[in-house]
Amino acid sequence: MTNSMQKIIFFIMFFFTSQLSMADMLSEASKTDANSRSSYHLDSALVDKERIAYWLKKRNKLANDASKQKMTEAVQDYVANYKNEKIRPLSEESIKALNDYKQQRSKKQFNDAVNKNITSAELPTSHHVNVLAILIDFPDLLNNDNRLEPGDTPMYYSRYSPGHYSSILFSSNGFTGPNGKNYLSAYQYFLNESGNTFFFNGQVSGWHTASENASYYGKNKEYNDSQVSQLVMEAVDAMAASNSVNLADYDNEDPYDLDGDGNRNESDGIIDHVMIFHSSIGEETGGGVLGEDAIWSHRSVVFHRIENTPYVVFNYTIAPIDAATGVIAHEFGHDLGLKDEYDTFQNQIDAPVGYWSIMARGSYLGEVRGVEPSGFSPLARDYLQQRYGGKWMNQLYLDASELNESGLDITLFEAQQHGNSLNQVKIKLPPQMQVYKKAYSGSFNYASGVGNLLRNSLTFHAILPEDASLTLSMQALWDIETDSDYVQFLVNGTPLKNRYTQDTSSAPELAGVKYMLMGKSLPNWTLLEFDLSDYAGMPIEVQIKYITDDSKSGFGLLVDDLMINSSKGNVFFDNAETNISVLNGFEKTASYSPMRDQYYYVQLRSNQQLEKGLALKGYDPGVVMWFADENYTGNHVTVNPGYGFISVVDADQNVIPQAGGVTQVRDAAFSLFQQSNYPNDDNLSSNQFFDDSLDYSSPLQPSSGVQLPKWGIKFQVLGQAADSSEVRLRIVRDVYSLTSAYRFQRGGYTASFTNNSVGHSAINSYYWDFGDGVGQSSDKSPSYSYTKPGRYQVTHRVTDVLGNSDVSVQDLIISDSQEEPLTAEIGAKVRGVDVDFVALVYGGTAPFSYEWRFGDASHVSNEKNPQHHYNINNIYEVQLSVTDAKNDIIETSLTVNVGFTLLADFSYDVTARNVTFTNLSSEPGNYLWDFGDGQSSTENSPIHNFEEVGRYGVTLTIENSDGVMATKTRNVKVGGSFGSGSIDLTALLLLVMVLMINTYYRGRQKACK
């Protein structure tokens, strides 16, 4: 193989093993032998604890009557043994080839694809992939002598023929399950999920037989599955030797445009997709008769040129003999660029996604394990649509700035509806602000930016005087990954050096790069100085350049007070307060800077079609709210409870006892209908309101919750079809003008201030003046110690990202007296949509003043015990602020559940004189339909045949369990499908023909007379 081909191979190897960072790879490479050729990690989503326990018992490793605790411990030990073994690393040769090619790597990443604004005209209407599936068995475990018995696996067959794998992978008619029923193939799964636009094609080669016995390849010695790479090489060589496959058919993609010609649909000498199936149960489900010597299902890379061919194999997936559609589609999802959505750190609780997504735990759903996997998450669909085109989704994109209190009413259809109907909503949220480094002087400094594959710069120009003493200086802070990322300071393209720069690097990829700033600075600002005397009397261009690789990085470089000084004074000065320097990737930042993008996705899940497996796990249908956060690259709730890159917002925050995150989100859907019964779950009430001001963090089990930003986003389910195929939603946002607000608490001479400012846009600057002529702060919520008693006027100014400012001033009394601290509580009596509130105040100094905020964007009340009327049924967070005579302030809050008005509504679809009615009422009850033709019905969603064409006033009356009644009347024109916005042309033509015939005969009758 040529050196250039090796470069290509190892570039792509790096991409597909992205869960190992570059630093991790380099670290591991230093410890490996020269013959190593592969690197991979297990896919822990595939762990099946029940099957592991089954095989431990069958192999007499666990007593048949073992207690539940003993069984749990044995399974945990089994999984831990695999995890504790080392991952086989890349060789030094591989690392060198990778580093040589690293600078050519494409910047196309997952989030780039999701956020790219591509018009539908630019996207392909369909996409075809060719997958090469290879079957390989072992001399001591042949495919037709696999030592499996009925009960050993849910996917048990007496014979695993090549035809079985052709059917489960590529059949357009599905495959026959072990129970004799027909189930979706991988081809059908991807076709359905993509709206009939993604075609999963290929062929099966084998069975072939490996050279060694099974345990040779799967034994966990120094490394997990120590010789699995050799098995892959043998499999592809045996396939090629069989002359049954035209390899050119499987090299159609150049996904990263490695030759730089802009064409990604061309051959690149690399087989696009390889799937290996071996003749054992996978180690992740107990390992069958091999136990821990079985191979754990995974995806990985292997460096191998296929014998006697010009082709290379690098990326592969390997699966067991009993693989079902879910495992196949999950692993191929990684081939398409999707990330795992479960907690890959093997948290016992797991991230709040569960069975809602095939890229989490949804790959194992079905009446036969894995044959009815769930669909992709809305984030995954967003990516797949942008990357491959087609009809993975029909999405409404909203910016939170477009929403207001009046709301937006939409009709949302189930996620499996891939026609022209809306099946997904994406709401881009305002940027969250993060605490950044304070400027050295003034309010702003320059930041290099944070991220991978950056080529950012800051540039300015100056004309230097004839002077022997010329110095470039700046204040700096830095956190730069050593021997991977670097900063250079250049004058007219030549790098400068000082005592902080590094002359060269030992990293091969940085060979030839000189005078680099790396590593970490001290916590305080550091003065950097460079001698410019060689440039005296010359015009110069000064450039600060920040270069990063494709792995993790620190915050980069911050600079402030850039200046050039001569013996006669200042030549140039830029303290980032004005726009002097030219920024290309660098940013002017305040103490608070924007974080990466965050979104809500809204989906309707119906438990129909591909979703049938969800019902078997007790998952209830309804509107599923997802929170996507680009500030995280994984769902590692083990170390970051409540935070991840994609999470389901659980509508029901009542914890199900002794249940992990997979079970906790079974009732996550917002719905008008009561939840289904489930063991240990006593809280089955419906939840039809989402409000981001409420707490969805699952405080009793934080790994199962989500920490949401508070932007006033709400929605209400107004109507829902009985089968959850359609809902009506109202999405609103409480909009507040920028308002400075704060509260404080005193303790002796020290006061602690809490910022309570609100605004429609993110606040990125805070200023405090503590009123004693000395103290100031730019912290968000500071503390300050006064030196003596007195009355102080505290000024607080906030500024948002749009430049708007607001100021508030309060008096603060510092005294030596001791008194009971001010506290308060809220009492509330709910009467339907009217609520009586009571302020209960303790301690402090009378008189008191009150400020009530009722959570519905209504006016503030200053009454002590107000009454409030709500216009919309919802759950509201009510806030009370009490101020005493000494200007001490205490705040408290209370959540109230306000009853709602019963709403009756329905939609209809007309076919000739048959009309199908769909009940969309806001809650279940007793129904009475009056069809306007003298007929009626008490069904939920009836189908009615009208005897004559015409227009009818159809009325639905609903009575709920409390005896409250509501009605809805719609005019229905029979003869056209006006309920669905289309016309029944057949009925229309028949009507025209009848009219023409009637006219003809009337004419003849008149003529005869």
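Adding 1 to a residue's 1-based position in the sequence shown gives its number in my numbering. Glycine included, each C-beta is placed from N, C-alpha and C at the ideal position.
Inter-residue spacing [alpha-carbon to alpha-carbon] between Leu518 and Tyr441:
The alpha-carbon separation between Leu518 and Tyr441 amounts to approximately 20 Å.
Pull up the DSSP beta-bridge partners for Thr1, would you.
Here the chain comprises residues numbered 2 to 1010, so residue 1 is not present and cannot be evaluated.
Neighbourhood of Leu701 by C-beta distance below 6 Å, restricted to the same chain and skipping five residues each side:
Here the set comprises Val656.
Using the Cβ count rule (16 or more neighbours within 10 Å means buried), how would you classify Asp651?
Asp651 should be labelled buried.
Are there 16 or more other CB atoms within 10 angstroms of the CB of Ile581, so buried, or fewer, so exposed?
Exposed, by the Cβ-count rule.
Could you please give the first and the last residue of the uninterrupted beta strand (DSSP E) stretch that includes Ala825?
Per DSSP, Ala825 belongs to the beta strand (DSSP E) from Thr824 to Arg832.
Ignoring anything shorter than 3 residues, give me the beta strand (DSSP E) runs that lie fully in the stretch 491 to 528, in order along the chain.
Taking 3 residues as the shortest admissible run, the stretch 491 to 528 contains no complete beta strand (DSSP E) segment at all.
Gln717 and Arg731 closer than 9 Å at C-beta:
Yes; because the gap between Cβ atoms is below 9 Å, this pair is in contact.
Of the choices Val624, Ser704, Val514 and Ser474, whose alpha-carbon is the least far from that of Ser726?
Checked all of Val624, Ser704, Val514 and Ser474; the closest Cα to Ser726 is Val624.
Counted within 10 angstroms of its Cβ, other Cβ atoms place Asn457 as buried (16 or more) or exposed
It counts as buried.
Taking Gly760 as the reference, which of Ser779, Arg734 and Asn888 has the closest Cα?
When each option's Cα is compared against that of Gly760, the closest is Arg734.
Spatial distance of Arg952 from Lys974 (CA atoms)
C-alpha separation (whole angstroms): 4 Å.
Name the one or two DSSP bridge partners that Pro595 has.
Per DSSP, Met434.
Who are the near neighbours of Asn756 in its chain, counting only those whose CB is closer than 7 Å to its CB and skipping five residues on each side?
Once the five neighbours on either side are set aside, the close Cβ partners of Asn756 are Tyr743, Tyr767, Lys781 and Ser782.
Closer than 7 Å by C-beta to Ser216: which residues in its own chain qualify, once you throw out the five before and the five after it? Chain order, please.
Contacts found: Leu291 and Asp294.
Assuming Tyr161 and Val205 are in contact, meaning their beta carbons sit under 8 Å apart, how far apart are those beta carbons, in whole angstroms?
Not a contact, Cβ separation roughly 11 Å.
Any 3 or more C-beta pairs closer than 8 Å across the stretch 192 to 209 and the stretch 391 to 402
Using a Cβ-Cβ distance cut-off of 8 Å, the stretch 192 to 209 and the stretch 391 to 402 are in contact, since at least three pairs of beta carbons, one from each stretch, lie closer than that value.
Would you call the stretch 446 to 453 in contact with the stretch 602 to 622, where contact means no fewer than 3 C-beta pairs closer than 8 Å?
No contact exists between the stretch 446 to 453 and the stretch 602 to 622.
Given a cut-off of 9 Å, decide if Asn493 and Tyr447 are closer than it, judged by their beta-carbon atoms.
The Cβ atoms of Tyr447 and Asn493 do not sit closer than 9 Å to each other.
Going by DSSP, what residue range makes up the alpha helix (DSSP H) through Ala752?
No alpha helix (DSSP H) holds Ala752; the beta strand (DSSP E) holding it covers Thr751 to Asn756.
Start-end ranges of the beta strand (DSSP E) lying completely within the stretch 397 to 485, minimum 3 residues
If we require 3 residues or more, the beta strand (DSSP E) runs fully inside the stretch 397 to 485 come out as 409 to 414, 425 to 429, 434 to 436, 446 to 448, 456 to 464 and 472 to 481.
Given Glu1, which residues of its chain have a CB within under 8 Å of its CB, disregarding the five upstream and five downstream residues?
Residue numbering for the chain in the displayed model covers 2 to 1010; residue 1 lies beyond these limits and cannot be assessed.
8 Å CB neighbourhood of Ala469 in its chain, flanking five on each side removed
Contacts found: Ser534, Ala537 and Ser568.
The alpha helix (DSSP H) with Tyr166 in it runs from where to where?
From DSSP, the alpha helix (DSSP H) with Tyr166 extends over Pro163 to Phe171.
Based on DSSP bridge pairs, tell me the residues matched to Phe587.
Its beta-bridge partners do not exist; DSSP assigns none.
Under the rule that 16 or more other beta-carbon atoms within 10 Å means buried, what is His945, buried or exposed?
Counting the other Cβ atoms within 10 Å of the Cβ of His945 gives 16 or more, which makes it buried.
Short check: CB of Glu558 to CB of Ile481, under 9 Å?
Position check: residue 558 holds Leu in this sequence, whereas Glu was assumed. Yes, Cβ-Cβ distance for Leu558 and Ile481 is below 9 Å.
Per DSSP, which residues does Phe531 bridge with? Please list them.
In the DSSP assignment, Phe531 forms a beta bridge with Leu473.
How close, in whole Å, do the beta carbons of Leu385 and Leu337 come, if the pair is a contact with beta carbons under 8 Å?
With a Cβ gap of about 7 Å, Leu385 and Leu337 count as contacting.
What residue range does the alpha helix (DSSP H) around Gln231 cover?
Gln231 -> alpha helix (DSSP H) spans Val229 to Ala242.
Can you grab the Cα-Cα spacing for the pair Glu254 / Asp801, in whole Å?
A direct Cα-to-Cα measurement between Glu254 and Asp801 gives close to 47 Å.
Identity of the residue in Asn972, Tyr218, Asn576 and Ser908 nearest Ala591 by Cα
Considering only Asn972, Tyr218, Asn576 and Ser908, the residue with the shortest C-alpha distance to Ala591 is Asn576.
My output table needs one value for Val303: the three-state DSSP class, helix, strand or coil.
Correct three-state label for Val303: strand.
Specify, as a first and last residue, the run of the beta strand (DSSP E) that Arg382 falls within.
That residue, Arg382, is in no beta strand (DSSP E); its alpha helix (DSSP H) goes Pro379 to Tyr389.
Once DSSP output is grouped into helix, strand and coil, what is the label at Gly720?
It is a strand residue.
Give the DSSP-derived three-state secondary structure of Ile890 in the structure shown.
In the structure shown, Ile890 falls within a strand segment according to DSSP collapsed to helix, strand and coil.
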